[in-house]
Each structure stands twice: as C-alpha cells, then as structure tokens.
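> In terms of our numbering, the sequence shown is residues 1 to 259. C-beta: ideal position from N, C-alpha, C; glycine also. Since the structure is predicted, the reported quantities are computational estimates derived from the model, not experimental observations.
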Amino acid sequence: MEHGICNLSVVPGRLEPSDSSEMITQLLFGEHFTILRQEEQWVYIRCAYDNYECWIDQKQFQEISPETFQELEVRETTTCMELFYVLEDQERSQYIPITLGCSLPYFDGTSCNLEGFEYMFDGQTNSVKHGKLQHFITETAGMYLNAPYLWGGRSPLGIDCSGFTQTVFKAGGIKLPRDAYQQAEMGQTLGFVEEARAGDLAFFDNPTGKIIHVGIILNDNHIIHASGKVRIDKLDHQGIFNRDTGKYSHNLRVIKRLV
C-alpha cells in the first residue's frame with residue numbers, strides 16, 4: 001500500500017498506533033494521503049492536504065492507486081457545504097453520512113467517485129464567486145456555531161480551534177496548516193486590532209509566548225472561535241472577552257490577513 005483515501009465520514013488520526021491513544025486530528029470523507037509505514041492493524045500516514053502525520057486504523061480507509069493520488073493532487077477540491085448529508089451508493093444500496101467540510105472527489109455536479117464507487121450528491125458545494133470570498137468565509141464559520149469543542153476534531157460534531165479555522169478556509173479554497181502556531185506563520189501581519197476586518201485570523205498566546213488559540217474575526221469587534229464550543233465573543237486589543245464569564249479568556253498576540 002502506498003496511498004489511501006478516507007471513505008468514512010470522520011476517521012480519528014492518533015498520536016500512537018492504538019485505539020486508546022490521543023486523537024491529534026481527523027480525516028474527513030474524501031481526503032487522501034500517503035502511507036509511510038504499517039504496524040499490525042495501523043498505518044502511519046501523511047495527509048496530502050496539510051502534510052500532517054498520524055496513525056489511522058487500516059480498516060478505516062480505501063486504498064487508491066498512485067495515478068489516482070496524483071490526479072487528486074492537481075484537481076480543485078470540491079467541498080460539501082451541507083451541515084449534514086447522506087451520500088448514496090445506488091449500485092450497492094449503501095449510505096455514508098458526511099458533514100460540512102468533507103471533500104467530494106471527482107465531483108461532476110451530481111456525484112463523486114472513490115476508486116470506482118459512485119456516490120450521489122445533490123447538495124450545496126463550495127462554489128465561491130470572485131470578490132465574495134471574505135463574506136463566504138464568515139458565513140461558513142457561522143455554520144459551525146455551537147459545535148462542541150473536541151481536541152483534534154475537524155467536524156461539526158466536534159472541532160478544535162485550529163481545525164475550525166482550517167476547515168472553514170478549506171471551503172474557501174485556502175489551505176491552512178493543521179495547528180494554530182503553524183497557521184500564525186501565514187498571511188499579512190496587521191499592526192492593530194482596529195485594522196482588522198471580517199475574515200482575518202486572530203492568534204492568541206500563553207504566558208510563555210506560545211501560540212495556543214486562533215479564531216476568525218467578524219464585524220463589529222467580534223470573533224468566532226472554538227472554546228468549549230464554537231461561539232462568538234468580543235475582541236479588543238487585549239484579547240477575547242468571554243460574555244458568559246465576564247472575563248478575558250485569551251491574550252491577543254497577532255492578527256493575520258489571508259483574504
């Protein structure tokens with residue numbers, strides 16, 4: 001085996017080859033990867049989308065040919081924009097639930113294809129019109145409101161702060177790395193919070209200066225971010241002011257513009 005693709009809705013990517021190991025990320029349906037090595041029932045992979053490496057169960061993916069892998073590398077990614085959807089394999093009378101942010105390989109307008117298996121899809125996809133990307137980013141972010149926080153998560157059923165920003169920007173056709181500190185290296189740095197506009201990314205650090213949190217700036221000095229759940233709070237030069245606790249929850253480090 002050299003390459004694979006996620007053929008289930010959400011697959012956990014683990015730190016070690018064990019079901020009890022920490023989940024550090026998730027693969028969403030339609031995301032492909034390179035297999036680096038195998039250990040019993042586990043394979044160690046590098047995700048093609050963000051080069052993130054993790055262990056996944058060998059029963060939770062479909063092997064693909066090197067030719068298919070290369071084709072997927074150069075094709076534009078079509079993303080599911082339905083919060084929840086059920087793909088139908090009419091030939092085998094099977095169904096696969098997928099969520100917002102999943103990829104639709106070889107999508108032709110009515111179906112996607114995974115190495116010969118055709119799945120019907122008539123929902124919304126990420127067709128972004130020129131000049132509307134900034135609005136698209138904030139609208140997509142709002143679809144995740146109240147999604148529970150989950151370390152390593154990337155779906156509306158559980159998501160972490162950097163998984164949230166990554167999947168939102170994925171829908172907009174912008175690739176972000178997996179972790180917040182990596183995302184902080186992207187884009188144009190803004191000097192003041194007053195310069196920020198909707199769609200910018202705000203990053204937050206801990207007392208030692210390490211980037212530990214990220215969110216998407218909205219209009220009127222607000223930010224949407226995953227903290228306990230995906231929520232909207234006030235943002236100022238100091239950081240995020242949690243409206244529930246009446247206290248600052250995160251210390252602002254830097255603001256970056258990507259759109």
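#1: Roughly how many angstroms lie between the CA atoms of Val193 and Asp122, to the nearest whole one?
#2: Give the straight-line distance between the Cα atoms of Cys80 and Val43, rounded to the nearest whole angstrom.
#3: Since Gly199 contacts Ile216 with CB under 8 Å, what's their CB separation in whole angstroms?
#4: Tell me the rounded alpha-carbon separation between Gln38 and Arg92.
#5: Would you check if the distance between the CB atom of Gln134 and the CB atom of Val259 is smaller than 8 Å?
#6: Can you give me the start and stop residues for the beta strand (DSSP E) that Gln188 sits inside?
#7: Using a Cβ-Cβ cutoff of less than 6 Å, which residues in the same chain neighbour Val11 once the five nearest sequence positions on both sides are dropped?
#8: Measuring straight from C-alpha to C-alpha, what distance separates Ser155 and Ile98?
#9: Going by alpha carbons, who is nearest to Cys102 out of Asp179, Phe117, Ser162, Ser9?
#10: Spatial neighbours of Asp205 within its chain, please: C-beta separation below 7 Å, excluding the five flanking residues on both sides.
#11: Would you decide whether Asn219 is buried or exposed? Buried here means 16 or more other CB atoms lie within 10 Å of its CB.
With the structure as the only source:
#1: 41 Å
#2: 27 Å
#3: 7 Å
#4: 30 Å
#5: yes
#6: 188–190
#7: Leu27, Ile56, Gln60
#8: 9 Å
#9: Ser9
#10: Ile211, Ile212, Asn251, Arg253
#11: exposed
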